[in-house]
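**Q** Below you'll find the structure I mean.
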Amino acid sequence: MASVFWDSQGIIMVDYLEQGKTITGDHYALLLVKLRYAIKDKRRGKLRNGVLLLHDNASSHSSRVAVASAKQCGFELLPHPFYLPDLAPSDFYLFPKLKENIRGQVFDSEDDVMSAVDTRLHDQDRVFYKHGLKQLEKRWLKCIDVYDDYVEK
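Quick note: the sequence shown uses our numbering, first residue 57, plus one each step.
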């Protein structure tokens, strides 16, 4: 399983979870600290300007330890209605595009899969990531218009 953190400029951080493991609140809290350092390294000045963090309501994301970690990192958490794939950019944009590219390929190992995913994610230009966030804005407004009802699939 992969956790991908991105902004309009592209990938900031990708983290792979060992097969058979589950993302816990503690694990996610550590990812947020790693994300803060990755932002500091890759997006100079961004922390000063503020970071908005949108994640879904998975128990690992909404756990006390994860929320405390996000706040300690200085991230502003955007509210996310109960699970709506319409508002998870990785679900409606990033991963479907990734699947299109690697569908049908046979990999010899997990390392080969991770390498293919990394290559595909890092080969995208800024327009790709900016477009994904623009789609989020449209979906967010649509969701507000229908009072959190399911938007589209």
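We treat Cβ as the ideally placed atom computed from N, Cα and C, and that holds for glycine.
Using alpha carbons as the reference points, say which of 160, 119, 183 lies closest to residue 67.
**A** The candidate whose alpha carbon is nearest that of residue 67 is 183.
**Q** If you draw a straight line from the alpha carbon of residue 118 to that of residue 57, how long is it in whole angstroms?
**A** If I take the Cα positions, the gap works out to 19 angstroms.
**Q** Between 93, 76, 125, 63, which has its C-alpha nearest residue 85's C-alpha?
**A** Residue 85 has its Cα closest to that of 125, out of 93, 76, 125, 63.
**Q** For residue 81, tell me which candidate among 170, 64, 98, 113 has the shortest Cα-Cα distance.
**A** Of the listed residues, the one whose Cα sits closest to residue 81 is 113.
**Q** Just checking, does the stretch 70-79 make contact with the stretch 96-110 on the three C-beta pairs under 8 angstroms criterion?
**A** No, the stretch 70-79 is not in contact with the stretch 96-110.
**Q** Determine the direct distance from the alpha carbon of residue 90 to that of residue 190, and round the result to whole angstroms.
**A** Computed Cα separation, rounded: 26 angstroms.
**Q** May I ask you to report which of helix, strand or coil DSSP gives residue 74?
**A** Of the three classes helix, strand and coil, the one that applies to residue 74 here is coil, per DSSP.
**Q** Report the residue ranges of all alpha helix (DSSP H) runs contained in full by the stretch 150-190; include only those spanning at least 4 residues, in chain order.
**A** Listed in chain order, the complete alpha helix (DSSP H) runs (minimum 4 residues) inside the stretch 150-190 are 151-158, 166-179.
**Q** Rounded to a whole number of angstroms, what is the C-alpha to C-alpha distance between residue 210 and residue 93?
**A** Missing from the structure shown is residue 210; the chain here goes from 57 to 209 and no further.
**Q** Spatial neighbours of residue 172 within its chain, please: C-beta separation below 6 angstroms, excluding the five flanking residues on both sides.
**A** Taken in chain order, the residues that qualify are 158.
**Q** How far does the beta strand (DSSP E) with residue 147 in it reach, from first residue to last?
**A** No beta strand (DSSP E) contains residue 147, which DSSP labels as neither H nor E.
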